[in-house]
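These notes concern the structure reproduced below.
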Amino acid sequence: MYTRVSNKKVALKCLNNSPNLTDKLLNEVSEYSINKNSSILNVYGISQDPDTKKIIIVLEYAEGGSYSNWINNNYKDFDWKNKIQTLLSIIEGLGGIHKKHKVHHDFHTGNILFLTKNLNTFNKKSVVISDMGLCEDVNNTGEVKTYGVISYMAPEVLRDKAYTQAADIYSFGMIMYFTATGKQPFNNCAHDHDLKLEICNGIRPEVNELEAPKCYTDLMRRCWDSNPDNRPNAIEINVELKSFYDCYSSYKKGDSNVIEIRKQFKEAEIYRKSHLSSFKKNKNHPEAIYTSQLL
Numbered sequence: 001m002y003t004r005v006s007n008k009k010v011a012l013k014c015l016n017n018s019p020n021l022t023d024k025l026l027n028e029v030s031e032y033s034i035n036k037n038s039s040i041l042n043v044y045g046i047s048q049d050p051d052t053k054k055i056i057i058v059l060e061y062a063e064g065g066s067y068s069n070w071i072n073n074n075y076k077d078f079d080w081k082n083k084i085q086t087l088l089s090i091i092e093g094l095g096g097i098h099k100k101h102k103v104h105h106d107f108h109t110g111n112i113l114f115l116t117k118n119l120n121t122f123n124k125k126s127v128v129i130s131d132m133g134l135c136e137d138v139n140n141t142g143e144v145k146t147y148g149v150i151s152y153m154a155p156e157v158l159r160d161k162a163y164t165q166a167a168d169i170y171s172f173g174m175i176m177y178f179t180a181t182g183k184q185p186f187n188n189c190a191h192d193h194d195l196k197l198e199i200c201n202g203i204r205p206e207v208n209e210l211e212a213p214k215c216y217t218d219l220m221r222r223c224w225d226s227n228p229d230n231r232p233n234a235i236e237i238n239v240e241l242k243s244f245y246d247c248y249s250s251y252k253k254g255d256s257n258v259i260e261i262r263k264q265f266k267e268a269e270i271y272r273k274s275h276l277s278s279f280k281k282n283k284n285h286p287e288a289i290y291t292s293q294l295l
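Quick note: UniProt numbering has the sequence shown finishing at residue 295, numbered continuously throughout.
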C-alpha cells in the first residue's frame, strides 16, 4: 500500500533506448522499491515521456549527490568514525542485495548516494546504493555485456567471465580505498586496454601505510584479491567493520587486539588531520573515467 506525499522532492531518471516496459524492468523496480530494511535508494514508480516514449524511473532524491561529489564538500570533517559508519551502510545495502541472490553489476562511488548534504545531518541512513541494474539496457534479451568503471571492475569480469557476488566485493574493496584516501583508484593513468591488462595481472592501487590502519588495509586487500574464492562475503565484511567501529569508538580498555586496533585508527586520524591540504591536490588523469560505460 502506498500513501501519497505532497511537496516531496524526487529525482527522475530517463532511460535511453527504452520505448517498452519489459517484465525485466518491472521486476527490477518491484524488487528494490521502498526497501526499508537496507541502504537502497527508494524507487517510487515508473512513468513514460508522452512525446519520446522513453521510460522514466521516479526515485528518492539524494540531496548530497554521489559519494565522489559529497566527499569534496565534507573531507575536512570526514573522520575515521564517519568513514567506517559510511562503509557499514554500504556493505549492509550490498549484503541485502546478495541475500536475495542478486548482484549489483556496476558498483562504484558514482552509484553510492548521500541523502544529506553535509556531516551535520549525517547518520547511518544517509548513505544509499543506487542503480541496481536500472542503467542497463532494459530491452536486453540476455546478451552478455561488460559495463561499468574499469578501475572498479574485478579482473575476472575484465576477462569476460561470469559476474558473481565476489565481483561486487572486489568493487567494495575499491570503495574502501576511496574512503581511506579520498582518491579514486588508478586516478593517475588512462583507463584503457593497458590498465585492464595490468589489473588482470594483479596490479592494485598503492596505499600509504600511514594513511589507513593496517587492520583496515588488510581487509581491503582481501576484498580485491585476484582469486574470487579468497574474497570475504558481505556478512564477513560487515562483522569486521563493526568490530573496527566498536574498538575505535569504545573507551573501555579491552584486550590487546582491541587496544591495537584503536591505536591504528587513532594514528590514521592524526595523519588525516595533518594532511587535509593534500586532498585538494588530488587530480585525476584526463583519460581516467569514473562514469559507467560499455567496454
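Here a beta-carbon is modelled for each residue, glycine too, at the ideal position from N, C-alpha and C.
Considering only their Cβ atoms, is the gap separating residue j from residue i smaller than 7 Å?
i: T116; j: Y67; result: no
i: L12; j: I56; result: yes
i: Y61; j: V10; result: yes
i: E211; j: T181; result: yes
i: N111; j: S130; result: yes
i: I261; j: C215; result: yes
i: V103; j: Y147; result: no
i: P232; j: R221; result: no
i: C200; j: L241; result: no
i: L87; j: T179; result: yes
i: T64; j: F107; result: The question names Thr, but residue 64 is Gly in the sequence shown. Their beta carbons are not under 7 Å apart, which means G64 does not touch F107 by this criterion.
i: H285; j: A190; result: yes
i: Q165; j: H105; result: no
Following the continuous alpha helix (DSSP H) through residue i, name the residue where it begins and the one where it ends.
i: I40; result: No alpha helix (DSSP H) holds I40; DSSP gives it neither H nor E.
i: A162; result: Where A162 is concerned, there is no enclosing alpha helix (DSSP H), given that its DSSP letter is neither H nor E.
i: A234; result: 234-249
i: K13; result: First-last for K13: 10-15, but that is the beta strand (DSSP E), not the alpha helix (DSSP H).
i: K196; result: 193-200
Reducing DSSP to helix, strand and coil, say where residue i ends up.
i: Q264; result: helix
i: S274; result: helix
i: G64; result: coil
i: G173; result: helix
i: residue 296; result: No answer is possible for residue 296: the residues shown for the chain start at 1 and end at 295.
i: L294; result: strand
i: S256; result: helix
i: S47; result: strand
i: Y147; result: strand
i: F122; result: coil
i: E156; result: helix
i: N72; result: helix
i: A288; result: coil
i: A190; result: coil
i: E269; result: helix
Residue i: which of the options sits nearest, CA to CA?
i: E209; options: S226, Q264, K9, Y251; result: Q264
i: F279; options: K8, D77, I56, N7; result: D77
i: D229; options: S292, D106, E156, N74; result: E156
i: N120; options: T164, R159, W70; result: W70
i: D192; options: T86, I289, S274, R159; result: I289
i: E198; options: G173, M153, L219, L94; result: M153
i: L294; options: D160, I91, D51, K81; result: D160
i: G173; options: L195, C189, F122, I90; result: I90
i: L276; options: E92, N73, V258; result: N73
i: V258; options: K125, P213, A166, I40; result: P213
i: K124; options: H101, E92, L195, K100; result: E92
i: K281; options: Y170, W80, Y75; result: Y75
i: D225; options: I84, I169, W80, V43; result: I169
Locate the beta strand (DSSP E) running through residue i, then write down its first and last residues.
i: E60; result: 55-60
i: L87; result: Unbroken run through L87 is the alpha helix (DSSP H), 80-99; no beta strand (DSSP E).
i: L113; result: 112-114
i: K129; result: Going by the sequence as given, residue 129 is Ile instead of Lys. Unbroken beta strand (DSSP E) run through I129: 127-129.
Using 10 angstroms around the beta-carbon of residue i, count the other beta-carbons present and answer buried if the total reaches 16, otherwise exposed.
i: I237; result: buried
i: N16; result: exposed
i: Q184; result: buried
i: I150; result: buried
i: G95; result: buried
i: E287; result: exposed
i: I84; result: buried
i: S126; result: buried
I want to check one thing, is the minimum distance from the CB of residue i to the heavy atoms of the ligand PLP below 6 Å?
i: N227; result: This structure lacks the ligand PLP, and indeed carries no ligand of any kind.
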